[in-house]
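Note sheet for the following structure.
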Amino acid sequence: MQESTLADVGLDSEDADGQDDVLNTAVQLQGELGRLEIASDIHDGYGLALLSVWVGLVVWCDGGRFWWRTGWDPRRQRVIYAWHPSADPARAARRIALRYVQLRASHPLSTMIAGAQP
Numbered sequence: 000m001q002e003s004t005l006a007d008v009g010l011d012s013e014d015a016d017g018q019d020d021v022l023n024t025a026v027q028l029q030g031e032l033g034r035l036e037i038a039s040d041i042h043d044g045y046g047l048a049l050l051s052v053w054v055g056l057v058v059w060c061d062g063g064r065f066w067w068r069t070g071w072d073p074r075r076q077r078v079i080y081a082w083h084p085s086a087d088p089a090r091a092a093r094r095i096a097l098r099y100v101q102l103r104a105s106h107p108l109s110t111m112i113a114g115a116q117p
């Protein structure tokens, strides 16, 4: 996985209503995660951007906030989400990194993928 730019995903500054703002926000978070040595891929469209970070860790971005799944409430039978304002991508990245560490411990790379790593 590598860092993306607007041009990499086929957008320029004249694209449709706010999608570039959403993507810019996601790219900022991706850069902060990269500084923490956490790779991610960006997927965007329909007014949202998604950062795929690890098995069970997808960060959603609507331009105003980031949110990601942190667990499950068995009593209510609902997913638990954390969120963070997109105005502070560095702190959001540190919070996401904490979840990343938890998931890496419970979902390590398969031996096939680990063997293919450079």
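Be aware that the sequence shown starts at 0, since it is given in numbering that gives the first Met the number 0, and climbs by one per residue.
Even for Gly, the Cβ is constructed at its ideal location relative to N, Cα and C.
All figures in this text were calculated on a predicted structure; none of them were measured in a lab.
Can you look up residue i in the DSSP assignment and give me helix, strand or coil?
i	result
Asp87	coil
Asp72	strand
Gly44	strand
Leu28	helix
Val100	helix
Leu22	helix
Ser39	coil
Taking just the CA atoms, how far does residue j sit from residue i?
i	j	result
Arg103	Trp53	8 Å
Trp144	Gln101	Within the shown structure, residues of the chain are numbered from 0 to 117, placing residue 144 beyond reach of any answer.
Val78	Gly63	21 Å
Tyr80	Gly46	20 Å
Gly17	Ser39	22 Å
Glu31	Asp20	17 Å
Arg68	Thr110	26 Å
His83	Ala96	13 Å
How close, in whole Å, do the beta carbons of residue i and residue j come, if the pair is a contact with beta carbons under 8 Å?
i	j	result
Leu56	Ala25	Between Ala25 and Leu56 the Cβ distance is about 14 Å, and since that is not below 8 Å, they are no contact.
Going by beta-carbon coordinates alone, are residue i and residue j separated by less than 7 Å?
i	j	result
Arg48	Ile37	It should be noted that the sequence gives Ala, not Arg, for residue 48. For Ala48 and Ile37, no; Cβs fall outside 7 Å.
Gln27	Pro107	no
Ala86	Phe65	no
Using DSSP's beta-bridge definition, name the partner residues of residue i.
i	result
Ala81	Trp67
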